[in-house]
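Engineer:
There are 2 protein chains.
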Amino acid sequence: MKKNTRNYKVGQTRLENQKKILEAAEVEFANHGFKGASMSNIADMAELPRANVHYYFKNKQELYLTVLMDIVTLWNDAFNQIKPEDDPKDAIQAYIRAKVMYSKKNPLASKIFANEIIHGAVHFRQYLGTEYREWIRGKHDVIQSWVDQGKMDSIDPFHLIFLIWSSTQYYAEHAIEVSTTLGKKNLTAKDFEAVVDSLSHIIIKGCGIK
Amino acid sequence: MKKNTRNYKVGQTRLENQKKILEAAEVEFANHGFKGASMSNIADMAELPRANVHYYFKNKQELYLTVLMDIVTLWNDAFNQIKPEDDPKDAIQAYIRAKVMYSKKNPLASKIFANEIIHGAVHFRQYLGTEYREWIRGKHDVIQSWVDQGKMDSIDPFHLIFLIWSSTQYYAEHAIEVSTTLGKKNLTAKDFEAVVDSLSHIIIKGCGIK
DNA sequence: GTCTATAGTTAGATAGAC
DNA sequence: GTCTATCTAACTATAGAC
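One line per chain: the protein sequences are A and B, in this order. Heads up, the first sequence is in our numbering, so the first residue is 124 and it goes up one at a time. Heads up, the second sequence is in our numbering, so the first residue is 124 and it goes up one at a time.
Here it is, written out as structure tokens:
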């Protein structure tokens with residue numbers, strides 16, 4: 124019994140420390156990229172000695188990959204509900220909304236992902252060639268089926284997906300530019316609703332969806 | 124005369140070396156961001172001793188700011204020709220084309236800019252608050268005048284600008300994702316034409332522009 | 001104007017005491 | 001399982017010979 128109690132406690136500490144480290148790492152990697160991030164800064168933010176970070180994560184790359192994979196998991200959970208039998212208008216509007224709200228809620232994740240892609244996806248090539256490829260092909264086929272059914276204009280589904288992705292993503296990555304432009308310190312929930320409305324209007328009408 | 128000749132030669136070397144350093148710096152900063160970039164790597168790529176880089180540019184930050192400012196100058200030259208009396212359809216189509224072709228031609232500049240914004244624009248705050256603010260307000264007013272003249276749907280000009288900017292920019296920043304998805308090593312001129320066509324179709328029709 | 005040599009700092013990682 | 005102390009390597013930057 125003594126042993127069990129001890130193991131439980133130890134497991135708890137491990138989970139808590141790992142969580143603290145991962146949260147700190149998310150901030151540091153979002154702010155400085157992989158190469159620019161410092162394990163010292165991460166340890167300081169997590170309020171742990173440097174050596175402990177290396178105890179839980181073998182090295183910088185392993186920590187970074189863990190952060191990246193957590194983001195992908197979150198992503199897969201959030202954006203996997205578009206089917207051919209859906210009404211295009213509702214489906215695209217729902218998708219735009221989900222994506223904008225994700226940008227609002229998880230700006231750090233969006234930034235880390237963008238950073239990884241901009242810098243050539245060196246730690247992420249495998250994902251791009253497998254999971255991501257499958258994901259985007261699935262979406263492509265759904266949109267193509269809508270085109271074939273005459274439910275929308277004949278538009279290359281890939282470019283439509285890129286358009287939705289980039290325009291929604293923008294409000295996470297370029298938050299600073301957007302808020303400076305709109306003359307605000309931070310965007311409000313109302314601002315994000317306006318984003319959803321503008322984007323939905325242009326994209327749905329622009330694709331000839333009734 | 125001897126002195127003149129010497130000064131000329133000296134000035135030439137300076138210009139040539141600065142150019143080599145700036146080109147190398149563009150690659151390094153695009154690939155690793157400000158913090159991740161290494162002055163050693165830049166010197167190696169420029170085929171100059173490390174100390175020479177420090178001779179021409181006081182420190183890393185000054186070199187980075189020079190690269191950034193060159194990009195902004197190029198930008199201002201390329202995208203400043205939209206006027207209220209223009210036909211919205213032609214103007215927007217021309218702008219989308221110019222922006223996509225800029226992404227094709229200057230992917231490094233696009234990446235460095237995006238990287239700077241993602242990481243909070245710490246070296247770039249001043250530009251965002253002044254030049255950029257003026258630039259985007261000018262564009263805002265032109266688009267608003269089109270709305271007021273009934274030439275297009277009532278859409279918040281800022282969100283339209285962000286949409287055009289993000290969707291065109293995407294093909295520079297996410298080149299790796301795009302080419303992986305389309306199953307190509309590099310995008311061809313034809314691919315970029317298809318991008319212009321898809322984006323123009325959706326955005327112009329989506330804004331209710333005839 | 002150029003470049004070698006090196007100072008001075010900070011990074012990632014680990015050994016070993018507790 | 002934790003953390004101090006320390007190692008090695010890489011970095012930015014500069015002094016000083018040429």
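Cβ coordinates follow ideal geometry from the N, Cα and C atoms, glycine included.
Along the region 212-230 of chain B, what residues have a CB closer than 8 Å to any CB found in chain A?
Structural biologist: none
Engineer: Taking contact to mean 3 or more Cβ pairs, one atom from each stretch, closer than 8 Å, check whether the region 245-258 of chain B and the region 299-316 of chain B are in contact.
Structural biologist: Too few Cβ pairs lie closer than 8 Å, so no.
Engineer: May I ask which residues mark the beginning and end of the alpha helix (DSSP H) holding ILE278(A)?
Structural biologist: Taking the first residue of the first sequence as 1, we reach residue 278(A) at position 155. Bounds of any alpha helix (DSSP H) do not take in ILE278(A), whose DSSP letter is neither H nor E.
Engineer: How many angstroms separate the CA atom of LYS206(B) from the CA atom of ALA174(B)?
Structural biologist: One-based indexing of the second sequence puts residue 206(B) at position 83. One-based indexing of the second sequence puts residue 174(B) at position 51. Spanning the two alpha carbons is a distance of roughly 48 Å.
Engineer: When the cut-off is 8 Å and only beta carbons count, does HIS177(A) lie next to chain B?
Structural biologist: For this step, residue 177(A) is matched to residue 54 along the first sequence. So, not an interface residue.
Engineer: LEU251(B) versus chain A: which residues are under 8 Å apart at the beta carbon?
Structural biologist: As a first step, residue 251(B) must be located in the second sequence, where it is residue number 128. Neighbours of LEU251(B) on chain A, chain order: ILE299, GLU300 and THR303.
Engineer: Could you give the uninterrupted runs of the alpha helix (DSSP H) lying entirely in the region 240-289 of chain B, keeping only those of 4 residues or more?
Structural biologist: 256-271
Engineer: Under 6 Å Cβ to Cβ from LEU231(B), same chain only, skipping five residues before and after it: list those, please.
Structural biologist: Within the second sequence, numbered from 1, the residue matching residue 231(B) stands at position 108. If we look at LEU231(B) and ignore the five residues flanking it on each side, its Cβ neighbours are GLU149 and ALA153.
Engineer: Grab me the residues of ASP209(A)'s own chain with a C-beta within less than 7 Å of its C-beta, minus the 5 sequence neighbours each way, in chain order.
Structural biologist: Working through the first sequence from its first residue, we reach residue 209(A) at position 86. Closer than 7 Å at Cβ, skipping near neighbours: no residue.
Engineer: Between the C-alpha atoms of LEU310(A) and GLN272(B), what's the straight-line distance to the nearest angstrom?
Structural biologist: Reading the first sequence from its first residue, position 187 is the one you call residue 310(A). Reading the second sequence from its first residue, position 149 is the one you call residue 272(B). Taking the straight line joining both Cα atoms gives about 29 Å.
Engineer: Can you name, in chain order, every residue of its own chain whose Cβ lies under 8 Å from the Cβ of GLY134(A), other than the five neighbours on each side?
Structural biologist: For the purposes of this step, residue 134(A) is identified with residue 11 of the first sequence, where counting begins at 1. Counting only Cβ-Cβ distances below 8 Å, and skipping sequence neighbours, we find nothing.
Engineer: Can the beta-carbon of PHE180(B) be found less than 8 Å from the beta-carbon of ILE144(B)?
Structural biologist: Counted from its first residue, the second sequence places residue 180(B) at position 57. Counted from its first residue, the second sequence places residue 144(B) at position 21. Their beta carbons are under 8 Å apart, which means PHE180(B) touches ILE144(B) by this criterion.
Engineer: Taking a cut of 8 Å between CB atoms, which residues from the region 267-280 of chain B lie near chain A?
Structural biologist: ASP276, ILE278 and ASP279
Engineer: Got a sec, what are the start and stop residues for the alpha helix (DSSP H) ASP200(B) sits in?
Structural biologist: Sequence index remark: in the second sequence, residue 200(B) carries index 77 (1-based). Start and end: 183-201.
Engineer: SER321(B) CB to nearest chain A CB: under 8 Å?
Structural biologist: Stepping through the second sequence from its first residue, residue 321(B) is reached at position 198. With 8 Å as the cut-off, SER321(B) counts as an interface residue toward chain A.
Engineer: Residues of chain A with CB under 8 Å from ILE326(B), in chain order?
Structural biologist: One-based indexing of the second sequence puts residue 326(B) at position 203. Within chain A, the residues near ILE326(B) are ILE325 and GLY329.
Engineer: Under 8 Å, Cβ to Cβ, is there at least one residue of chain A near GLU316(B)?
Structural biologist: For the purposes of this step, residue 316(B) is taken as the residue at position 193 of the second sequence. No, no contact with chain A.
Engineer: Tell me which residue opens and which closes the alpha helix (DSSP H) that PRO211(A) is part of.
Structural biologist: Reading the first sequence from its first residue, position 88 is the one you call residue 211(A). In the DSSP annotation of this structure, the continuous segment of the alpha helix (DSSP H) that includes PRO211(A) starts and ends at 211-228.
Engineer: Leaving out the 5 sequence neighbours to the left and right, which residues in its chain are closer than 7 Å to LEU188(B) when beta-carbon positions are compared?
Structural biologist: Your numbering for residue 188(B) matches position 65 in the second sequence. Once the five neighbours on either side are set aside, the close Cβ partners of LEU188(B) are HIS246.
Engineer: Beta-carbon within less than 8 Å of VAL270(A)'s beta-carbon, same chain only, minus the 5 sequence neighbours each way: which residues are those?
Structural biologist: Within the first sequence, the letter at position 147 stands for residue 270(A). For VAL270(A), where only same-chain residues beyond five positions count, the Cβ hits under 8 Å are ASP276, SER277, ILE278 and PRO280.
Engineer: Alpha carbon to alpha carbon, how far is GLY156(A) from GLY159(B)?
Structural biologist: Translated into the one-based positions of the first sequence, residue 156(A) becomes position 33. Translated into the one-based positions of the second sequence, residue 159(B) becomes position 36. About 7 Å.
Engineer: With a 10 Å radius around its C-beta and 16 neighbouring C-beta atoms as the bar for buried, classify GLU239(B) as buried or exposed.
Structural biologist: Indexing the second sequence from 1 puts residue 239(B) at position 116. Buried: at least 16 other Cβ atoms inside 10 Å.
Engineer: Does any residue of chain B have a CB that is nearer than 8 Å to the CB of ILE259(A)?
Structural biologist: For the purposes of this step, residue 259(A) is identified with residue 136 of the first sequence, where counting begins at 1. Closer than 8 Å to some Cβ of chain B, the Cβ of ILE259(A) qualifies, so yes.
Engineer: Any C-beta of chain B sitting closer than 8 Å to the C-beta of ALA312(A)?
Structural biologist: The residue you call residue 312(A) lines up with position 189 of the first sequence. Chain B, which has no Cβ nearer than 8 Å to the Cβ of ALA312(A), makes this no.
Engineer: At a Cβ cut of 8 Å, what residues of the region 282-293 of chain A count as close to chain B, listed as they run along the chain?
Structural biologist: HIS282, LEU283, PHE285, LEU286, TRP288, SER289, SER290, GLN292 and TYR293
Engineer: Which of helix, strand or coil does DSSP assign to ASN309(B)?
Structural biologist: Numbered from its first residue, the second sequence carries residue 309(B) at position 186. Three-state DSSP puts ASN309(B) in coil, outside helix and strand.
Engineer: Roughly how many angstroms separate the alpha carbons of GLN216(B) and ALA237(B), rounded to a whole number?
Structural biologist: As a working mapping, residue 216(B) is identified with position 93 in the second sequence. As a working mapping, residue 237(B) is identified with position 114 in the second sequence. Distance between the alpha carbons of GLN216(B) and ALA237(B): 23 Å.
Engineer: As a quick exercise: from ALA221(B), LEU322(B) and ASN182(B), pick the residue whose alpha carbon is nearest that of ARG200(B).
Structural biologist: As a first step, residue 200(B) must be located in the second sequence, where it is residue number 77. Residue identity differs from the one stated: residue 200(B) is Asp in this sequence, not Arg. Answer by Cα proximity: ALA221(B).
Engineer: Out of curiosity, what's the CA-to-CA distance linking ILE219(A) and PHE285(A)?
Structural biologist: Counting from 1 along the first sequence, the entry for residue 219(A) is found at position 96. Counting from 1 along the first sequence, the entry for residue 285(A) is found at position 162. When rounded, the distance between both Cα atoms is 12 Å.
Engineer: Which residues in chain A have a C-beta closer than 7 Å to the C-beta of ILE241(B)? List them in chain order.
Structural biologist: Taking the first residue of the second sequence as 1, we reach residue 241(B) at position 118. In chain order: LYS234, ALA237, ASN238 and GLU296.
Engineer: Given this structure, state the Cα-to-Cα distance separating HIS282(B) from HIS263(B), to the nearest angstrom.
Structural biologist: Here residue 282(B) corresponds to residue number 159 of the second sequence, with the count starting at 1. Here residue 263(B) corresponds to residue number 140 of the second sequence, with the count starting at 1. Cα to Cα, HIS282(B) sits roughly 10 Å from HIS263(B).
Engineer: Report yes or no: is there a C-beta of chain A within less than 8 Å of the C-beta of ASN154(B)?
Structural biologist: By one-based count along the second sequence, residue 154(B) stands at place 31. Judged by the 8 Å Cβ criterion, ASN154(B) is in contact with chain A.
Engineer: Looking only at C-alpha atoms, which of GLU139(B), GLU254(B), ASN140(B) and ALA166(B) sits nearest to GLU151(B)?
Structural biologist: What you label residue 151(B) is simply residue 28 of the second sequence in a count that begins at 1. Nearest of GLU139(B), GLU254(B), ASN140(B) and ALA166(B) to GLU151(B), Cα basis: ALA166(B).
Engineer: When you check each C-beta in the region 163-175 of chain A against every C-beta of chain B, which residues fall closer than 9 Å?
Structural biologist: none
Engineer: For ALA147(A), which residues in chain B fall below 9 Å Cβ to Cβ?
Structural biologist: In the first sequence, the residue the question calls residue 147(A) occupies position 24. Going along chain B, no residue has its Cβ under 9 Å from ALA147(A), so there is no contact; the nearest lies around 16 Å.
Engineer: If you draw a straight line from the C-alpha of SER233(A) to the C-alpha of HIS242(B), how long is it?
Structural biologist: The residue given as residue 233(A) occupies position 110 in the first sequence. The residue given as residue 242(B) occupies position 119 in the second sequence. Computed Cα separation, rounded: 12 Å.
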